[in-house]
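Trainee: Mind having a look at this structure? Questions to follow.
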Amino acid sequence: MSDLKSQIPTASVDDLYAESGHWHVNTGEETIHAKRMPGKWRRYKWWASLVWLVFFFGPYLRWDGRQAVLFDIPERQFHLFGVTILPQDFWMLSLLLLFFAILLAVVTAVAGRVWCGFFCFQTVWTDVYTLIEEKLEGPPPKRRKLEQAPWDAAKARTKLAKHSLWLLIALFTGISFVAWFNDAYRLWGELLTFDLGMVALVFIALFTGGTYLLAGFMREQVCLWLCPYARIQGVMIDKTTVVPTYDLNRGEPRGRIKKGEPEDRRSTGDCIDCNQCVAVCPTGVDIRQGQQEGCITCALCIDACDSVMEKVGRPLGLIRYESLEGLESGSCVPVARRPRVWVYTLILLASLSGIVWGLSTLGSIDLKVIHSRQPLFVLQSDGSIQNKYTLKVLNKTPADLPVRITASGPEGLVLVGDEVLVTEHGGLVARDVFVRVPQAKLDRESQPISFVVTGQDSQGQVYRGERTSVFIAPPSVVRN
Amino acid sequence: MADKNPFPGENNTGHVWDDNIRELRNPIPRWWMIGFWISLAWWVAYGILYPMIPMGESWSKGVLGWSMVGEYQEGLEQVEKVRAKYEEQIAGLSAEEILADEGLTAYTVASSRVLFGDYCAACHGSGGQGGDIFPVLADDDWLYGGSVATIQQTITNGRRGMMIGHGSMLSEQEIATLASLVADWDGASEEARTLYQSKGCFGCHGADGKGIQALGSANLTDAVWRFSDLDPVASATYTITHGVNDPNQPKTREAVMPAFNERLSENEIKKLAVYVYKLGGGQ
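Residue numbers (my numbering), protein chains in the order written: chain C, 574 to 1053; chain S, 34 to 316.
Right, dumping it as structure tokens:
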């Protein structure tokens, strides 16, 4: 026993325990009641939050007699104003996802967790929920007091009002979400006549419950413990990233203003240890401990610190957007000279041009040709070789359209089968056709063959789709 | 373990080893524990509602009475319901009438693929490409006729080709001459044509050599070979010598299509006839 004991350095063990004593882990035992202070960043935050109005009102826009943006899952169509996107075009979705993933990366690399602090639904909804809390229950000290207070009629009334409002917002969130996938006006009709489908009902319930729980109760716990993006973004930040930073060179040693001590001969730094930066933090962190996982970079502590500095007559920006490198050396590599930014920007441009190219070349008629593999070729009684093709014609025009099929390729080819095909609008029609080529004309085992479908709608607009496939001949025929 | 906590005020469990190693209390978030208990409750509820616990040969059935096979049956019923409207129409139509309707034809072809795979593909190939001694269904050469009605008849009653082996009736030289005629009809000698007539080949294969579909005799003038076409002369020599399905010839070629009227319903045969017709050679 004593041997073992001698191996353990006692002092370092004591240090560890001492450190863990100070180590505060926010597990949500105590509700964080953040103080609300006006300021520049507070204003920016509201402007950023306005983006979410699109979420609430977007579904009600109309275009060509239908919902302007509609994700029609049962019909497998996605309407984006005048454009209809079908599952065949969904490669663009992967480019879109790539675009947003890289956008997140580049913004985070340059300016930290901008998404978390200003745009994330968790942040925005929590912000609105706590605003309601403040309006109904008062500022943080009153709220804490109300929590301790015994239940009476007044407390019950206040709490009832708050939770009703929260639930109302949650309900509208749920309805708005579902409205992107159903016709919004019909959805409201079904909602008001209690005639909602099971799927819509379940999703509205899920989103209502989820919003109420996450924005009302879980709040910063979501960012700390549940959200993977919070962690991912943490590793995207480097020394050149500007984030809300406490300038410890200026601030330390922190200390309260002593009465009678002249400003030019004080022994303390600029930080007056007023704790306002902690009081306003929605996730309850102390920014003066440096960049940390709990910080969503919402910049509200900058507003708080600046208003205090203004009051005590010290320069603003004790807490400001600053990079670690800037803080240490006073200067930082300009954004335009960082390789990471360039690489990200190139990927952004590539994916964006892919999407633009895709959207602008979405044909109205899409032809796919599948060459039958079993059998690859069939010898006919007159000695010609026959190949079978399945033509799939996708019609994205708003009306049914008869199309004519033609084929060109090996000399002397004959297209066997009906040449006119009526395609349904928004649908895929398949047709088997056979192509025969006289043996004498076949000099290669495989040669290109091109199929074209053309159709004309009632307004005289001509639509055309083309696809190249192969004509396969048996090797024995080619040798002869 | 010490009787008295040597570190009062510290958030420890009172368990201390080696004087200064102690276990601290760091409980996981309460909401996390709530989630844990909810998931346990979910598990219990799931076990009550759905089949879950194995019990020897059996298992707990769950109060909802749900079963996977039941769900499969339900899905099957739904498919049958969708299909019913076409199946009813098809039942009342002949194969020709089905072919006259593009939509019904498409349905028939799509819904008969499995049937073809189960009953036909083993010999004729999954795409009707034939194989070894089994005829190609995707070409336009038909021993018994390529109309959909004939195809239907072929599937229903089967076929059994018949050609007597001529090995004992003809000299080797005569067989060789006739084989050369079959191998290259247009370029054959006058002698071969005379032999064809004098030996009575035309009785089955027709004066023009194009075969007689009522008998199922092969068209000798076209490019398609009923049996191997790797070496046409050798192939023709073999067939002329040993015949097809000749009971007296031990080395005769075998060519039997079984009857399906006892294995398949009339309706299924009709659908298969349409399927085969659409493989590429229907006439």
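The beta-carbon is built from N, C-alpha and C at its ideal position, and this holds for glycine as well.
Rounding to the nearest angstrom, what Cα-Cα distance links Asp1005/C and Ala143/S in this structure?
Mentor: Along the first sequence, one-based indexing puts residue 1005/C at 432. Along the second sequence, one-based indexing puts residue 143/S at 110. Their backbone Cα atoms lie some 12 angstroms apart in a straight line.
Trainee: Please name the residues in the segment 1007 to 1038 of chain C whose beta-carbon is closer than 7 angstroms to at least one beta-carbon of chain S, in chain order.
Mentor: Result list: Phe1007.
Trainee: Using a Cβ-Cβ cutoff of less than 7 angstroms, which residues in the same chain neighbour Thr970/C once the five nearest sequence positions on both sides are dropped?
Mentor: Your numbering for residue 970/C matches position 397 in the first sequence. Contacts found: Ser937, His998, Asp1030, Tyr1036.
Trainee: Answer with buried or exposed for Leu733/C, where buried requires no fewer than 16 other C-beta atoms within 10 angstroms of its C-beta.
Mentor: As a position in the first sequence, residue 733/C is number 160, starting the count at 1. Leu733/C comes out exposed.
Trainee: List the DSSP bridge partners of Ser91/S.
Mentor: Translated into positions along the second sequence, residue 91/S becomes position 58. In the DSSP output, where bridge partners are listed per residue, Ser91/S has Met88/S.
Trainee: Could one say the Cβ of Gln947/C lies closer than 8 angstroms to chain S's Cβ atoms, at least one of them?
Mentor: Here residue 947/C corresponds to residue number 374 of the first sequence, with the count starting at 1. Yes, Gln947/C counts as interfacial toward chain S.
Trainee: So Val586/C contacts chain S; which residues on that side make the cut at Cβ distance below 8 angstroms?
Mentor: Counted from its first residue, the first sequence places residue 586/C at position 13. By Cβ distance, chain S contributes Asn53, Ile54.
Trainee: Kindly indicate if chain C contains any beta-carbon less than 8 angstroms away from that of Glu43/S.
Mentor: As a working note, residue 43/S is residue 10 in the second sequence. It does: the Cβ of Glu43/S has a partner Cβ on chain C nearer than 8 angstroms.
Trainee: Tell me which same chain residues have a C-beta within less than 8 angstroms of the C-beta of Asn190/S, skipping the five on either side of it?
Mentor: Working through the second sequence from its first residue, we reach residue 190/S at position 157. Around Asn190/S: Ala292, Asn294.
Trainee: Which bits of chain S does Val795/C rub up against, with CB to CB less than 7 angstroms?
Mentor: Here residue 795/C refers to the residue found at position 222 of the first sequence. Here the premise fails: no neighbours, minimum Cβ distance about 10 angstroms.
Trainee: Between which two residues does the beta strand (DSSP E) carrying Val1010/C extend?
Mentor: Numbered from 1 along the first sequence, position 437 holds the residue referred to as residue 1010/C. 1001 to 1010 is the span of the beta strand (DSSP E), which, as asked, contains Val1010/C.
Trainee: Can a CB atom of chain S be found closer than 8 angstroms to the CB of Gly857/C?
Mentor: Taking the first sequence and counting its residues from 1, the one referred to as residue 857/C is at position 284. It does not: the Cβ of Gly857/C has no partner Cβ on chain S nearer than 8 angstroms.
Trainee: Please confirm whether Trp64/S has its beta-carbon closer than 8 angstroms to some beta-carbon of chain C.
Mentor: Here residue 64/S is taken as the residue at index 31 of the second sequence, counted from 1. Yes, Trp64/S counts as interfacial toward chain C.
Trainee: For Lys961/C, decide whether its Cβ has a neighbour in chain S, counting only Cβ atoms nearer than 8 angstroms.
Mentor: For the purposes of this step, residue 961/C is taken as the residue at position 388 of the first sequence. Yes, its Cβ sits closer than 8 angstroms to a Cβ of chain S.
Trainee: Anything in the segment 636 to 654 of chain C with a Cβ closer than 9 angstroms to a Cβ of chain S? List those residues in chain order, please.
Mentor: So nothing in the stretch comes that close.
Trainee: Under 9 angstroms Cβ-Cβ, which residues of chain S neighbour Asp955/C?
Mentor: The residue given as residue 955/C occupies position 382 in the first sequence. Asp173, Asp255, Ala256, listed in chain order.
Trainee: Hey, how far is the Cα of Ser902/C from the Cα of Glu834/C?
Mentor: As a working mapping, residue 902/C is identified with position 329 in the first sequence. As a working mapping, residue 834/C is identified with position 261 in the first sequence. If I take the Cα positions, the gap works out to 31 angstroms.
Trainee: Once DSSP output is grouped into helix, strand and coil, what is the label at Ile958/C?
Mentor: By one-based count along the first sequence, residue 958/C stands at place 385. Reduced to three states, the DSSP call for Ile958/C is strand.
Trainee: Assuming Asp846/C and Gly828/C form a contact by the criterion Cβ under 8 angstroms, report the distance between their Cβ atoms to the nearest whole angstrom.
Mentor: In the first sequence, residue 846/C corresponds to position 273, counting from 1. In the first sequence, residue 828/C corresponds to position 255, counting from 1. At roughly 6 angstroms, the Cβ-Cβ gap stays under 8 angstroms, so Asp846/C and Gly828/C are in contact.
Trainee: What residues in the segment 284 to 312 of chain S bring their beta carbon closer than 9 angstroms to a beta carbon of chain C?
Mentor: Listed by position, the residues of the segment 284 to 312 of chain S near chain C (Cβ gap below 9 angstroms) are Lys311, Leu312.
Trainee: Going by C-alpha to C-alpha distance, which of Glu883/C, Arg635/C, Glu984/C, Asn968/C sits closest to Gly612/C?
Mentor: If you number the first sequence from 1, residue 612/C lands on position 39. Cα-wise, what sits closest to Gly612/C is Glu883/C.
Trainee: My assumption, with CB atoms under 8 angstroms, is that Ala1013/C sits in contact with Ile958/C. Please give the rounded CB distance.
Mentor: Locating residue 1013/C in the first sequence gives position 440, counting from the first residue. Locating residue 958/C in the first sequence gives position 385, counting from the first residue. About 11 angstroms; that fails the 8 angstroms criterion.
Trainee: If we define contact as Cβ-Cβ less than 8 angstroms, is Gly160/S a contact residue for chain C?
Mentor: Taking the first residue of the second sequence as 1, we reach residue 160/S at position 127. Yes, because at least one Cβ of chain C sits closer than 8 angstroms to the Cβ of Gly160/S.
Trainee: Does the beta carbon of Glu603/C come closer than 8 angstroms to any beta carbon on chain S?
Mentor: Here residue 603/C refers to the residue found at position 30 of the first sequence. Taking Cβ atoms only, chain S never reaches closer than 8 angstroms to Glu603/C, which makes this a no.
Trainee: Closer than 8 angstroms, CB to CB, is Trp798/C near chain S or not?
Mentor: Numbered from its first residue, the first sequence carries residue 798/C at position 225. Chain S, which has a Cβ nearer than 8 angstroms to the Cβ of Trp798/C, makes this yes.
Trainee: Note down, one range per segment and in chain order, each alpha helix (DSSP H) of at least 4 residues found wholly within the segment 692 to 720 of chain C.
Mentor: Listed in chain order, they are 694 to 710.
Trainee: Take Leu297/S and list the residues in its own chain whose beta-carbon comes closer than 6 angstroms to its own, dropping the five residues that flank it on each side.
Mentor: Translated into the one-based positions of the second sequence, residue 297/S becomes position 264. Within the same chain, Leu297/S has no close Cβ partners at all.
Trainee: In chain S, which residues lie less than 8 angstroms from Ser593/C when you measure between Cβ atoms?
Mentor: If you number the first sequence from 1, residue 593/C lands on position 20. Residues of chain S passing the Cβ test: Leu57.
Trainee: Asn252/S CB to nearest chain C CB: under 8 angstroms?
Mentor: Here residue 252/S refers to the residue found at position 219 when the second sequence is read from its first residue. For Asn252/S, the answer is yes, since a Cβ of chain C falls inside 8 angstroms of its Cβ.
Trainee: Kindly list, in the order they appear in chain C, the residues whose Cβ is closer than 7 angstroms to that of Val169/S.
Mentor: As a first step, residue 169/S must be located in the second sequence, where it is residue number 136. Ordered by position in chain C, the residues that pass the 7 angstroms Cβ test against Val169/S are Val951.
Trainee: For Asn38/S and His597/C, I'd like the C-alpha separation in whole angstroms.
Mentor: Position 5 of the second sequence holds residue 38/S. Position 24 of the first sequence holds residue 597/C. Spanning the two alpha carbons is a distance of roughly 23 angstroms.
Trainee: Can you tell me the Cβ-Cβ gap for Val815/C and Ser896/C, rounded? I've got them flagged as a contact below 8 angstroms.
Mentor: Taking the first residue of the first sequence as 1, we reach residue 815/C at position 242. Taking the first residue of the first sequence as 1, we reach residue 896/C at position 323. With a Cβ gap of about 5 angstroms, Val815/C and Ser896/C count as contacting.
Trainee: How about Arg286/S and Thr272/S: are their beta carbons less than 8 angstroms apart?
Mentor: Position 253 of the second sequence, counted from the first residue, corresponds to residue 286/S. Position 239 of the second sequence, counted from the first residue, corresponds to residue 272/S. For Arg286/S and Thr272/S, yes; Cβs fall inside 8 angstroms.
Trainee: Counting only the same chain and skipping the five closest in sequence on each side, list residues whose C-beta sits under 8 angstroms from that of Thr138/S.
Mentor: By one-based count along the second sequence, residue 138/S stands at place 105. If we look at Thr138/S and ignore the five residues flanking it on each side, its Cβ neighbours are Ile131, Leu132, Val307, Lys311.
Trainee: Buried or exposed: which applies to Leu176/S, given that a residue is buried once 16 or more other Cβ atoms fall within 10 Å of its Cβ?
Mentor: Taking the first residue of the second sequence as 1, we reach residue 176/S at position 143. Buried, since its Cβ has 16 or more Cβ neighbours within 10 Å.
Trainee: If I'm right that Ser213/S touches Ala221/S with Cβ under 8 angstroms, what's the distance once you round it to whole angstroms?
Mentor: By one-based count along the second sequence, residue 213/S stands at place 180. By one-based count along the second sequence, residue 221/S stands at place 188. At roughly 6 angstroms, the Cβ-Cβ gap stays under 8 angstroms, so Ser213/S and Ala221/S are in contact.
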